[in-house]
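What follows is a set of notes on a single structure, which appears directly below.
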Amino acid sequence: MPKEDLILIHAPSVYDFRKESMFYGPVSDLVPSTPVFEMYPFGFTTMAVQLSKAGYRVRIINLASMMLNDRNLDVERFLDRLDSAVFGIDLHWLPHAHGSLAIAEILRRLHPSSKILFGGFSSSYFHEELIRYPQVDLVLRGDSTEVPLLHLMDALDKGGDLSKVPNLTWKDASGTHVNELSYVPDSMDALDIDYGWIVRSVIRHRDLEGAKPFKDWDRFPITSAFTVRGCSLACAVCGGSCGAMRRVLGRSKPAFRSPEKVAQDIANIESYINAPVFVVGDVRQNGGDYAERFFAECRRLDLDSHVVLELFTPAPESFFKEAERTFSRYSIQFSPDSHDEKVRYALGRRFDNAGLENSISAALKNGCQRFDIFFMIGLPEQTRESAIGSADYTLRLYQQNGNDPRLAVFTSPLAPFLDPGSIAFENPERFGYRLFARTLEEHRARLPSPNWKDVLSYETIWMTRDMIAETSYDAADRLNDVRRDVGLMTEEEHLLRSQRSKEARKLLVEVDAAMKLPEGERKEVMADLKRRGEELMESTICQKRDLVWDSPTILRSIPRAAMGILRGRSRMKRA
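For the sequence shown, the numbering used here begins at 2 and goes up steadily by one.
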């Protein structure tokens with residue numbers, strides 16, 4: 002009998018990134034994880050909770066994070082020691098196409114009698130191609146697979162009929178079968194979000210390293226509370242837009258969690274860990290009184306967390322007044338994508354700069370601890386001048402707000418790949434894109450490319466991939482000039498950032514040159530470039546530490562977590 006019923010494994014973007022000669026570039030500068038993209042999806046936790054309450058033994062292993070923190074980890078030996086009836090691997094964000102399939106191949110060889118299950122957005126989009134890989138047995142489609150997964154585990158455990166499992170793509174000796182995508186809940190309220198499960202799991206398996214959401218989470222913890230699955234907006238390059246959700250996941254409208262439950266989720270988090278809570282989804286998206294109810298319930302619960310709120314569109318001053326009234330500490334994250342209204346409108350973002358500027362000023366006036374702005378490079382209608390212009394526009398924002406250090410502006414390339422399912426991916430010519438990959442295999446094959454610009458699956462009629470890469474460095478340099486000029490960066494810091502940018506540009510050229518050398522000579526040169534590239538693995542053009550929230554390390558939360566577990570057991574006994 003297997004030790005576990007299901008082990009959920011998060012693979013690195015590329016396997017084995019520790020051995021490959023790769024220059025990652027700035028593609029992960031604006032997310033907490035490294036270019037290995039080691040942050041596993043939140044759905045791992047909700048699925049594990051659902052199955053655990055049904056009596057199944059479930060474990061989460063962040064293999065990508067383990068490999069980052071232990072460069073000598075023998076992955077095959079580690080995987081060989083695992084014992085599970087089913088191994089679940091996420092292929093949610095497409096940059097995991099290489100690593101996820103490679104780890105699945107190893108698991109198939111080491112555990113031939115175990116089932117290998119895939120899930121996530123990209124798995125759902127490419128499910129018919131994915132199931133053809135010999136190392137893949139099952140694919141669960143959709144954005145809410147907690148209940149279908151329980152049906153699947155019951156069927157596998159009891160020898161049930163797999164054709165009855167909703168949202169499942171599977172294969173047997175007779176061929177491939179695609180079950181109806183019939184489980185698409187219209188609310189998140191039935192979802193059991195137990196943040197204490199991960200704490201108990203760490204204790205049970207004596208494994209914090211494998212359970213961490215990303216590499217440095219124990220040093221800089223941040224947590225999440227989800228308001229919605231799906232979206233009401235139609236941003237052209239977003240795989241989570243309303244059109245993409247409808248086409249790929251069968252979701253005709255967003256499924257919201259009630260504002261009272263979201264507030265309770267934050268309280269639940271507080272009972273286990275002292276860390277900022279990122280509220281995923283604009284709390285105004287559901288219209289009506291959703292935001293008011295959320296703020297009111299948070300006040301009733303007397304929450305003490307540093308709460309990070311997300312904006313999709315500019316907010317009025319009344320919103321920030323409510324946030325200040327409700328939270329002892331709050332911050333804002335907003336991705337207008339570009340300062341150029343023509344570019345923003347081409348994306349489907351229908352708001353002007355006046356609204357953006359008013360929101361920033363209103364938030365800073367009403368107690369906002371930090372207001373993060375994100376500009377992207379590689380967008381429809383965006384020229385090199387427009388991309389660099391976003392950095393120049395930043396100077397205007399600082400001047401309007403007295404060079405307030407609470408305003409933080411970042412810039413980065415859009416992403417390694419254009420999101421499958423997005424309007425732009427489905428209609429690239431309409432938005433001025435040229436795509437270099439359409440299938441799952443084409444995307445997988447790009448990922449181990451030595452030079453990050455060659456990983457990009459797209460360019461535009463306004464900027465080639467070479468131009469996107471060069472402009473990314475130019476825009477970042479200009480942004481650092483602005484930060485120095487307004488007194489938010491010392492001359493020493495500015496010099497270090499400039500030197501780092503120059504080294505990154507130099508590597509870009511040297512990697513291209515090395516790839517033209519004869520094989521023997523190329524390997525020798527690439528080995529040296531790999532060492533230099535690893536020194537630039539993080540914070541290539543932006544200082545990643547600027548994204549870190551002020552919070553104590555996870556070790557400081559051990560007493561709180563212990564009390565949370567005791568309270569949870571007490572509630573279970575009373576029930």
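All C-beta atoms in this analysis are idealised placements derived from N, C-alpha and C, irrespective of residue type, glycine included.
Inset, instruction - Ignore the nearest five residues each way along the sequence and tell me which others in R109's own chain have a CB closer than 8 Å to its CB. - result: I117, P135, Q136
Legend entry - Spatial distance of R248 from I424 (CA atoms): 10 Å
Legend entry - Top-ranked residue by Cα proximity to G433, from A292, K454, Q383, V456: Q383
Inset, instruction - Could you spell out where the alpha helix (DSSP H) holding S329 opens and where it closes? - result: From DSSP, S329 is part of no alpha helix (DSSP H); its letter is neither H nor E.
Legend entry - Inter-residue Cα distance where the pair is R72 and P451: Taking the straight line joining both Cα atoms gives about 19 Å.
Inset, instruction - Just list the alpha helix (DSSP H) runs in the stretch 435-464, keeping only unbroken ones of 4 residues or longer that don't cross its boundaries, in chain order. - result: 441-447, 453-456
Inset, instruction - Count the other C-beta atoms from every protein chain shown that fall within 10 angstroms of the C-beta of E355, then say buried if there are 16 or more, exposed otherwise. - result: It should be noted that the sequence gives Ala, not Glu, for residue 355. Burial call: exposed.
Inset, instruction - Name, in chain order, the residues that DSSP records as bridge partners for G100. - result: Looking at the DSSP assignment, G100 forms no beta bridge with any residue, so it has no partner.
Legend entry - From A105, G244, Q400, residue whose alpha carbon lies closest to that of I132: A105
Inset, instruction - Report back the beta-carbon spacing between A65 and P149 to the nearest angstrom; my notes put them in contact at under 8 Å. - result: With a Cβ gap of about 25 Å, A65 and P149 do not count as contacting.
Inset, instruction - May I ask you to report which of helix, strand or coil DSSP gives N354? - result: helix
Inset, instruction - Keeping to the same chain, check which residues put their C-beta closer than 6 Å to that of A363; ignore five residues upstream and five downstream. - result: E318, F321
Legend entry - Between the CA atoms of L95 and H11 - distance to the nearest angstrom: Taking the straight line joining both Cα atoms gives about 13 Å.
Legend entry - Cβ pair I462, G379 closer than 7 Å: No; because the gap between Cβ atoms is not below 7 Å, this pair is not in contact.
Inset, instruction - Classify E520 as helix, strand or coil using the three-state DSSP reduction. - result: helix
Legend entry - Buried or exposed by the 16-neighbour rule on C-beta atoms within 10 Å, applied to V15: buried
Legend entry - Assigned secondary structure, T395 (DSSP; H/G/I helix, E/B strand, else coil): helix
Legend entry - F215: first and last residue of the uninterrupted beta strand (DSSP E) it sits in: From DSSP, F215 is part of no beta strand (DSSP E); its letter is neither H nor E.
Inset, instruction - Give the DSSP-derived three-state secondary structure of H128 in the structure shown. - result: helix
Legend entry - Close-in-space but distant-in-sequence residues of the same chain around F227 (CB under 6 Å, 5 per side omitted): V281
Legend entry - Q400 and D373 closer than 7 Å at C-beta: no
Legend entry - Contact set for F295: own chain, Cβ-Cβ below 7 Å, skip 5 residues either direction: P260, V263, A264, V284
Legend entry - E5 - DSSP class collapsed to helix/strand/coil: In the three-state reduction of the DSSP assignment, E5 falls in the strand class, which pools E and B.
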